[in-house]
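Residue numbers (the numbering used here): 1 to 146.
Positions of the beta carbon are idealized from the N, C-alpha and C atoms, including for glycine.
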């Protein structure tokens, strides 16, 4: 397969991913989101390191992981989303038309993680307070740490 064929294949995979993500947003079917993430990853894998579409594909993959985090609460998905967005921003020139949007999206993802960490700390402090008071109430935060 030549470079042009790889580029066309990556474009098609990206388009499929966008279609499945759009379908997920309409139906809420998690299998569509899983397929979108898979298609975005395959599109990224088929994109050379120096290709102009790479940053956009990293961004789409990050947004897919963020969507799954919002649906499942799995912290690893939020962390992966932040990593992919940071990678996208790192290779986006500051004068590029998408730079500000990608920076904003990354900031929102980081704020989500800070809020999650803040909530976890509040729960831990509350648990300590309950324990000091001799309460038998136990708060299990392991579900927050998926």
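Anyone know if the C-beta pair for residue 53 and residue 10 falls short of 8 Å? yes
Sorted by chain position, which residues of the same chain lie with C-beta nearer than 6 Å to residue 23's C-beta, five sequence neighbours on each side aside? 32
On the CB-based measure, 16 or more other CB atoms within 10 Å of its CB, does residue 77 come out buried or exposed? buried
I need the straight-line Cα distance from residue 47 to residue 111, nearest angstrom please. 29 Å
Quick test of the definition: if touching needs 3 or more C-beta pairs under 8 Å, does the stretch 86-95 touch the stretch 68-75? no
Residues in its own chain within less than 7 Å of residue 57 by CB, not counting five upstream and five downstream? 14, 40, 43, 44 and 47
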